[in-house]
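Chains as they are written, first to last, in the working numbering: chain Y, 43 to 388; chain C, 191 to 486; chain R, 123 to 513.
Here a beta-carbon is modelled for each residue, glycine too, at the ideal position from N, C-alpha and C.
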Amino acid sequence: MAVKSTPVGNTAEVSGFRRWWERTTNTRAAYLYLLPAFLVMTIITFYPLFYQVWMSFTDYNIANLRGTVPPNWIGFKNYLDIFQGALQAKLPNFNFWRILGFNLIWTITNVPFHVVIGVLIAVALNVEGLWFKKIYRAIYILPIVLPTLVIATVWRNMFDQTSGSINMGLAAIGGLFNIPPEAFYIRWFESIVPPFSWFLPGMPLPLSYYAMLIANIWLGWPFMTIVATGALQSIPKDLYEAASMDGATPRQQFFTITVPLIRPAMVPAAVYGTITTFNLFNFIFMMSGGGPLRQTEILVTTAYDLVRTQRLYGMAAAFCVLIFFILLGLTLALNWATKATERYDV
Amino acid sequence: MSEKERRLPLFKQLIYQIILLAIAFSVLFPIMWIVSLSLDPRNLSRPPDFRLIPPGASFEAYRRVLARPTANPVTFAELAFNQLKLAGGVSFLAVLVGVFAAYSFSRFDYRGRKGLMLSVVMVLILPGIATVAPLFVMLNRIVIDWGSIQFNLRNSLYGVGLALISGQLPFAIWNLKGFLDTVPRDLEEAALIDGAGPTQAFFRIILPLSTPALAVTAFLGFSSGWTEFALSWLFLTDAKDFTLAMSLWNMTGPYSGDTPWSAFSAMALMVAAPVAIVYLLLQKYIVGGLTIGGVK
Amino acid sequence: MKKWSVLISLVMLASLLLTACGSGETPAGSGGTVTLWHAYQTGSAEEETLAALIENAKAAYPDMTINVLQIPFSEIFNKYQTEVAAGGGPDMFVAPNDDLGNWARGDLVLALDTYLAGKLDAFAPVAVDGMRVDGVLYGVPESAKAVALYYNKSLIATPPATTAELLQAAQSGQLLVNVQGAYHLFGFFGAFGGQLFDADQRCVLDTTGGIQTMQYFLDLKAAGAVFEPDYGKAEGLFRQGQAAMFVNGPWALADYQKDLGDNLGVAPLPTGPNGAGAAFNGIDGFYINPNSRNIDGAITLALFLTNKESSQIYTDRAGHVPIRNDVTASDPLVAAFAQASAVGYPRPQSPEFANYWAPAGDMFTKVLEGAVTAEQGVRDLCTQMNTANNK
Numbered sequence: 043m044a045v046k047s048t049p050v051g052n053t054a055e056v057s058g059f060r061r062w063w064e065r066t067t068n069t070r071a072a073y074l075y076l077l078p079a080f081l082v083m084t085i086i087t088f089y090p091l092f093y094q095v096w097m098s099f100t101d102y103n104i105a106n107l108r109g110t111v112p113p114n115w116i117g118f119k120n121y122l123d124i125f126q127g128a129l130q131a132k133l134p135n136f137n138f139w140r141i142l143g144f145n146l147i148w149t150i151t152n153v154p155f156h157v158v159i160g161v162l163i164a165v166a167l168n169v170e171g172l173w174f175k176k177i178y179r180a181i182y183i184l185p186i187v188l189p190t191l192v193i194a195t196v197w198r199n200m201f202d203q204t205s206g207s208i209n210m211g212l213a214a215i216g217g218l219f220n221i222p223p224e225a226f227y228i229r230w231f232e233s234i235v236p237p238f239s240w241f242l243p244g245m246p247l248p249l250s251y252y253a254m255l256i257a258n259i260w261l262g263w264p265f266m267t268i269v270a271t272g273a274l275q276s277i278p279k280d281l282y283e284a285a286s287m288d289g290a291t292p293r294q295q296f297f298t299i300t301v302p303l304i305r306p307a308m309v310p311a312a313v314y315g316t317i318t319t320f321n322l323f324n325f326i327f328m329m330s331g332g333g334p335l336r337q338t339e340i341l342v343t344t345a346y347d348l349v350r351t352q353r354l355y356g357m358a359a360a361f362c363v364l365i366f367f368i369l370l371g372l373t374l375a376l377n378w379a380t381k382a383t384e385r386y387d388v
Numbered sequence: 191m192s193e194k195e196r197r198l199p200l201f202k203q204l205i206y207q208i209i210l211l212a213i214a215f216s217v218l219f220p221i222m223w224i225v226s227l228s229l230d231p232r233n234l235s236r237p238p239d240f241r242l243i244p245p246g247a248s249f250e251a252y253r254r255v256l257a258r259p260t261a262n263p264v265t266f267a268e269l270a271f272n273q274l275k276l277a278g279g280v281s282f283l284a285v286l287v288g289v290f291a292a293y294s295f296s297r298f299d300y301r302g303r304k305g306l307m308l309s310v311v312m313v314l315i316l317p318g319i320a321t322v323a324p325l326f327v328m329l330n331r332i333v334i335d336w337g338s339i340q341f342n343l344r345n346s347l348y349g350v351g352l353a354l355i356s357g358q359l360p361f362a363i364w365n366l367k368g369f370l371d372t373v374p375r376d377l378e379e380a381a382l383i384d385g386a387g388p389t390q391a392f393f394r395i396i397l398p399l400s401t402p403a404l405a406v407t408a409f410l411g412f413s414s415g416w417t418e419f420a421l422s423w424l425f426l427t428d429a430k431d432f433t434l435a436m437s438l439w440n441m442t443g444p445y446s447g448d449t450p451w452s453a454f455s456a457m458a459l460m461v462a463a464p465v466a467i468v469y470l471l472l473q474k475y476i477v478g479g480l481t482i483g484g485v486k
Numbered sequence: 123m124k125k126w127s128v129l130i131s132l133v134m135l136a137s138l139l140l141t142a143c144g145s146g147e148t149p150a151g152s153g154g155t156v157t158l159w160h161a162y163q164t165g166s167a168e169e170e171t172l173a174a175l176i177e178n179a180k181a182a183y184p185d186m187t188i189n190v191l192q193i194p195f196s197e198i199f200n201k202y203q204t205e206v207a208a209g210g211g212p213d214m215f216v217a218p219n220d221d222l223g224n225w226a227r228g229d230l231v232l233a234l235d236t237y238l239a240g241k242l243d244a245f246a247p248v249a250v251d252g253m254r255v256d257g258v259l260y261g262v263p264e265s266a267k268a269v270a271l272y273y274n275k276s277l278i279a280t281p282p283a284t285t286a287e288l289l290q291a292a293q294s295g296q297l298l299v300n301v302q303g304a305y306h307l308f309g310f311f312g313a314f315g316g317q318l319f320d321a322d323q324r325c326v327l328d329t330t331g332g333i334q335t336m337q338y339f340l341d342l343k344a345a346g347a348v349f350e351p352d353y354g355k356a357e358g359l360f361r362q363g364q365a366a367m368f369v370n371g372p373w374a375l376a377d378y379q380k381d382l383g384d385n386l387g388v389a390p391l392p393t394g395p396n397g398a399g400a401a402f403n404g405i406d407g408f409y410i411n412p413n414s415r416n417i418d419g420a421i422t423l424a425l426f427l428t429n430k431e432s433s434q435i436y437t438d439r440a441g442h443v444p445i446r447n448d449v450t451a452s453d454p455l456v457a458a459f460a461q462a463s464a465v466g467y468p469r470p471q472s473p474e475f476a477n478y479w480a481p482a483g484d485m486f487t488k489v490l491e492g493a494v495t496a497e498q499g500v501r502d503l504c505t506q507m508n509t510a511n512n513k
């Protein structure tokens with residue numbers, strides 16, 4: 043929305059140029075304000091991105107790093123190699139479609155848990171007359187506050203086969219039923235045979251996926267709770283009182299009052315959660331490292347691997363271009379889904 | 191309607207308390223575990239028992255980490271200072287540059303506004319890895335090689351900082367724009383009627399008003415820079431430039447042998463502590479900052 | 123006036139810079155700055171030994187500034203290659219000759235024939251050959267490394283000498299720990315006649331005994347042996363006295379001696395029905411970066427760290443297997459490793475060898491986790507390797 047800048051009381055006794063200059067003061071100011079940010083972004087974001095597109099059509103590797111030897115133009119070969127799995131020799135078990143599929147499954151199974159658990163806990167915390175609310179709120183923020191590196195390593199340690207607390211806890215429970223502790227030496231990160239092999243036959247979901255799912259849920263719901271709490275507190279209590287006076291049960295109140303009113307806040311949070319989960323590099327890299335035989339690799343961990351260990355910069359560039367288009371598609375899909383849900387808004 | 195909070199019947203209260211306590215336990219358990227590991231003088235990767243306070247608990251690990259964090263000749267203070275410079279510098283610059291762009295997006299209307307905003311959002315969703323390879327290559331070319339002065343931009347904290355800004359700037363712009371959208375225009379309009387230009391309105395009125403949002407955005411950027419290790423690891427080779435998060439990560443590699451768990455946990459807690467404490471103290475503002483930025 | 127002062131300051135600045143350039147000159151080879159990278163584990167005996175040797179070097183060459191940087195073993199090859207390709211990197215680094223062939227072909231290490239002419243006479247020929255690729259010398263050898271069978275005397279008095287005995291020991295409850303990986307487990311192939319490459323560098327494991335070896339591993343696993351992908355965990359079981367036997371190399375000898383004292387024993391890898399066990403014999407060496415600005419200084423340091431006194435210190439304090447003719451190991455355990463090196467399989471430096479690691483690592487994982495049969499696993503390995511090598 044434009045801000046009027048014409049001072050009151052100015053006469054029309056000025057030249058046409060001056061009038062144009064004044065009229066466009068705001069537009070100029072607008073562009074001027076944008077300048078530093080976009081200058082920086084052009085140099086360190088946009089230019090590298092375009093450079094990367096160029097790199098993706100070459101066979102850029104470490105021999106070209108110094109700049110003295112230019113890389114060779116190879117057209118779409120990198121892309122074809124990725125799709126047809128010709129990368130197999132360098133990256134055994136590389137299968138682009140499986141990685142993409144796993145990435146999608148990882149995202150789709152994580153985010154609903156985060157949102158549902160987060161909202162439920164926020165609602166629980168919002169109950170009137172509850173003791174120790176402030177303490178619980180302070181505790182529930184902790185997963186976000188700790189660095190991911192630490193969290194991933196601790197969880198990895200907790201899923202250790204013989205001395206991780208998860209297996210020890212399961213063994214303790216099993217002991218109550220006289221099941222020997224050896225039954226619970228679950229090799230979360232090493233076992234490569236999926237526990238539910240009938241599910242999604244083309245897409246093995248090994249135990250390390252389940253381990254990371256549990257850990258990521260632990261990590262993910264507090265953010266949703268925070269957002270939901272903010273939204274819940276803006277719902278006037280009268281609505282609930284009026285509803286209960288009309289005889290609505292708490293469950294009905296939840297679905298007819300709470301859910302629609304927190305939707306405007308939860309939807310962007312869910313979208314943000316979806317994007318971050320889709321790109322969750324830190325966690326997966328440090329917990330399973332791509333998993334047994336690359337079964338838990340997602341797109342970004344593969345890209346990092348291509349850059350860091352294989353140093354096939356041209357191939358990595360092609361991969362990143364593909365990631366960009368996939369994310370674009372994902373964002374558009376999310377956008378469409380968000381608009382679709384808004385149609386049902388109160 | 192009564193103003194007092196309605197009392198919750200006791201048995202309902204107890205049920206809620208039990209559920210919330212169980213959840214609090216699940217949240218706290220990994221944290222208690224790592225605190226316990228850090229106090230354990232036996233330095234085992236696999237404690238044979240399931241105890242919270244290990245026998246002979248001591249702060250030995252903390253002392254060791256503070257004295258000699260890595261095998262390289264760099265002190266804990268230097269590592270922390272490098273990380274501070276990196277995280278602080280990047281977040282400060284991102285906010286500084288971003289607030290202008292956010293103001294422009296929020297207050298003005300001009301051709302191309304939607305397109306430019308879209309480009310910012312596009313960069314926001316792109317993972318950092320997407321620009322790592324070309325940045326490595328590009329920054330590597332900026333070299334000063336003159337006799338005994340050798341400087342490679344890529345192999346310095348400045349290079350890492352530039353790469354990090356490319357990720358934090360869009361976030362700052364997006365978050366601050368969201369905040370500025372909620373600030374009513376009346377104040378600016380009043381100032382403009384009184385004859386001030388848009389620049390003056392910005393500096394005299396908007397900036398002071400936005401200080402909490404600026405601080406929160408800067409803090410969020412700082413906390414992500416504080417634990418950044420992947421880029422630093424890829425770019426740096428001089429021990430003097432190493433950062434805290436990098437050294438922490440190096441302790442856990444596959445050939446690190448017996449990961450010195452107590453040292454690792456001690457260092458991890460020391461790395462996490464400053465950010466965690468500030469977060470807890472400023473909870474209210476940060477939560478406000480997150481939700482406001484999120485609501486488009 | 124202003125212009126003059128600007129000119130004067132520029133001249134002063136220029137002369138400052140020039141003298142700064144000039145002051146780097148000292149007697150060739152004993153001064154300047156040398157940066158050395160290593161991958162010895164933090165807190166290990168190897169690392170302490172190197173630190174002590176560097177102190178000696180600093181005393182011997184007071185004009186030299188020596189910077190040492192430790193990079194984790196899983197990272198050092200990557201980082202070195204990337205840095206050198208980008209135009210920088212350390213002056214020198216010490217590492218096993220794992221990938222020397224590829225480094226040489228990629229111009230990542232300096233050819234040293236002219237610098238070292240006549241200086242390596244005291245070294246065993248097999249060690250010097252380990253530093254050669256296609257006849258060109260690329261490094262100064264430091265020690266030899268081949269894995270052997272560590273055993274805990276308090277748990278098992280006589281170590282098994284044949285594969286059958288090992289299987290029996292495992293079946294009778296003695297815990298054998300193996301690091302599940304393409305490096306540590308290679309030594310057993312020799313016992314079953316398995317050969318990795320034929321003369322054409324084609325993978326022939328599937329026709330020469332590789333399948334029997336993998337089947338043997340499966341038998342061991344069924345008998346209770348542990349195959350652990352995590353090096354630290356595997357090592358921990360042995361160091362804490364739970365495992366009776368552990369296959370590992372001499373770099374950890376001093377650390378294990380600290381843990382187990384006199385109970386530590388070293389035996390050669392068991393012989394099998396078709397031959398003796400033959401682990402990879404790698405040579406650790408000091409390599410020089412072609413980008414180095416102080417090549418002479420780096421070579422001086424490398425020769426110092428491998429001279430008679432330093433090599434003796436390496437042997438005595440870190441358990442390294444000496445490769446100099448004038449240094450002998452007094453410790454029988456080190457002598458056992460020397461024996462393992464002598465019968466070991468020298469690491470090939472051919473480009474085809476680089477494609478062994480990833481497929482082999484995967485094969486071990488798949489077979490030992492029960493996802494594929496031994497036969498399928500080895501056949502797949504050879505197929506993958508031959509395809510990758512265009513054979």
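Practice prompt. Determine the contact status of G312/R and G399/R, defining contact as a CB-CB distance below 7 angstroms.
Written response: For this step, residue 312/R is matched to residue 190 along the third sequence. For this step, residue 399/R is matched to residue 277 along the third sequence. The answer is yes: Cβ separation under 7 angstroms.
Worksheet entry | T433/C at chain R interface by Cβ criterion, 7 angstroms | Taking the second sequence and counting its residues from 1, the one referred to as residue 433/C is at position 243. It does not; no Cβ of chain R falls within 7 angstroms.
Worksheet item: Using the rule of at least 16 other Cβ atoms within 10 Å of the residue's Cβ for burial, across every protein chain shown, is T157/R buried or exposed?
Response: The residue given as residue 157/R occupies position 35 in the third sequence. So T157/R counts as buried.
Worksheet item: Are the region 363-378 of chain R and the region 266-275 of chain R touching by the rule of at least three beta carbon pairs closer than 8 angstroms?
Response: Counting Cβ pairs under 8 angstroms, three or more are found: they touch.
Worksheet item: Given a threshold of 16 other Cβ atoms within 10 Å of its Cβ, counted over all protein chains shown, does S192/C qualify as buried or as exposed?
Response: Taking the second sequence and counting its residues from 1, the one referred to as residue 192/C is at position 2. With a pLDDT of 40 at S192/C, under the threshold of 50, the predicted position of this residue should be treated as unreliable, and no value is reported.
Worksheet entry | Supposed close pair V350/C, L426/C - CB separation, criterion 8 angstroms | Walking along the second sequence from the start, residue 350/C turns up at place 160. Walking along the second sequence from the start, residue 426/C turns up at place 236. The Cβ separation is near 7 angstroms, so the contact holds.
Worksheet item: Of all the alpha helix (DSSP H) runs that stay within the bounds of the region 276-352 of chain Y, which reach a length of 4 or more residues?
Response: As far as the region 276-352 of chain Y is concerned, its whole alpha helix (DSSP H) runs of at least 4 residues are 279-287, 292-295, 301-320, 323-329, 341-347.
Worksheet item: Interface residues of chain R around A458/C at Cβ under 7 angstroms?
Response: Position 268 of the second sequence holds residue 458/C. Listed along the chain, the chain R residues whose CB falls inside 7 angstroms of the CB of A458/C amount to none; the nearest CB is some 16 angstroms away.
Worksheet item: What separation, rounded to the nearest whole angstrom, lies between the Cα atoms of V311/C and L297/R?
Response: The residue given as residue 311/C occupies position 121 in the second sequence. The residue given as residue 297/R occupies position 175 in the third sequence. Between V311/C and L297/R, the C-alpha separation is close to 57 angstroms.
Worksheet item: First and last residue of the beta strand (DSSP E) that includes M441/C?
Response: As a first step, residue 441/C must be located in the second sequence, where it is residue number 251. Counting along the chain, M441/C falls outside any beta strand (DSSP E), and DSSP gives it neither H nor E.
Worksheet entry | Whole-angstrom C-beta distance between P360/C and L314/C, which should lie under 8 angstroms | Within the second sequence, residue 314/C is the residue found at index 124, counting from 1. Within the second sequence, residue 360/C is the residue found at index 170, counting from 1. Your pair L314/C and P360/C checks out as a contact, with CB atoms roughly 4 angstroms apart and the cut at 8 angstroms.
Worksheet item: From this set, I181/Y, I317/Y, K381/Y, A194/Y, which residue's C-alpha is nearest L471/C's C-alpha?
Response: Walking along the second sequence from the start, residue 471/C turns up at place 281. Ranking the options by Cα distance to L471/C, first place goes to I181/Y.
Discussion item. Report the CB separation of A285/Y from I304/Y in whole angstroms; it is logged as a contact under 8 angstroms.
Written reply: Looking up residue 285/Y in the first sequence gives position 243. Looking up residue 304/Y in the first sequence gives position 262. With a Cβ gap of about 16 angstroms, A285/Y and I304/Y do not count as contacting.
Worksheet item: Given that a residue counts as buried once 16 or more other Cβ atoms are within 10 Å of its Cβ, and exposed if not, what is Q273/C?
Response: Stepping through the second sequence from its first residue, residue 273/C is reached at position 83. Burial state of Q273/C is buried, judged by a 10 Å Cβ sphere holding 16 or more other Cβ atoms.
Worksheet item: How would you list, in chain order, the residues of chain R whose beta-carbon sits under 9 angstroms from the beta-carbon of E232/Y?
Response: Residue mapping note: residue 232/Y aligns to position 190 of the first sequence, counting from 1. Within chain R, Q302, E350, P351, D352, T487, E491 have C-beta atoms less than 9 angstroms from the C-beta of E232/Y, given in sequence order.
Practice prompt. Could you spell out the range, first to last residue, of the alpha helix (DSSP H) harbouring A321/R?
Written response: Residue mapping note: residue 321/R aligns to position 199 of the third sequence, counting from 1. That residue, A321/R, is in no alpha helix (DSSP H); it is neither H nor E in DSSP.
Item to complete: Could you tell me which residues DSSP pairs with S265/R in its beta bridges?
Response: Taking the first residue of the third sequence as position 1, residue 265/R is located at position 143. According to DSSP, which records beta bridges pairwise, S265/R is partnered with D406/R, P444/R.
Worksheet item: Using a beta-carbon distance below 7 angstroms, is T351/Y in contact with chain R?
Response: Start at 1 with the first residue of the first sequence, and residue 351/Y comes out as number 309. Yes, contact with chain R.
Discussion item. Give me, in chain order, the residues of the same chain whose beta-carbon lies closer than 8 angstroms to that of M134/R; leave out the 5 immediate sequence neighbours on both sides.
Written reply: Start at 1 with the first residue of the third sequence, and residue 134/R comes out as number 12. Note on M134/R: pLDDT 46, under 50, position unreliable in the model; no value is reported.
Worksheet item: With 16 other CB atoms within 10 Å as the buried threshold, where does T265/C fall?
Response: Sequence index remark: in the second sequence, residue 265/C carries index 75 (1-based). With fewer than 16 other Cβ atoms from the protein chains shown falling within 10 Å of its own Cβ, T265/C counts as exposed.
Discussion item. Just to confirm, is the Cβ distance from N262/C to L191/R under 7 angstroms?
Written reply: Residue 262/C sits at position 72 when you count from the first residue of the second sequence. Residue 191/R sits at position 69 when you count from the first residue of the third sequence. The Cβ-Cβ distance between N262/C and L191/R falls below 7 angstroms.
Worksheet item: With 16 as the cutoff for other CB atoms within 10 Å, does I208/C come out buried or exposed?
Response: For this step, residue 208/C is matched to residue 18 along the second sequence. Flag for I208/C reads exposed.
Worksheet entry | 7 angstroms Cβ cut-off: residues of chain Y touching T204/R | Translated into positions along the third sequence, residue 204/R becomes position 82. Listed by position along chain Y, the residues whose Cβ is nearer than 7 angstroms to that of T204/R are I104, R353.
Worksheet entry | Same chain, Cβ closer than 6 angstroms to G153/R, five either side skipped, listed in chain order | On the third sequence, residue 153/R is found 31 positions in, with the first residue counted as 1. Result list for G153/R: D185, M186, in chain order.
Worksheet item: Whose C-beta lies closer than 6 angstroms to the C-beta of T204/Y among residues of the same chain, with five residues either side of it excluded?
Response: Counting from one through the first sequence, the residue named residue 204/Y turns up at place 162. Correct list, in chain order: Y227.
Fill in: Q94/Y, buried or exposed, once every other Cβ within 10 Å from all chains shown has been counted against 16
Along the first sequence, one-based indexing puts residue 94/Y at 52. By the neighbour-count criterion, in which 16 or more other beta carbons inside 10 Å mark a residue as buried, Q94/Y falls on the buried side.
Item to complete: For chain C, find out if any of its Cβ atoms is closer than 7 angstroms to the Cβ of G210/R; answer yes or no.
Response: Taking the third sequence and counting its residues from 1, the one referred to as residue 210/R is at position 88. For G210/R, the answer is yes, since a Cβ of chain C falls inside 7 angstroms of its Cβ.
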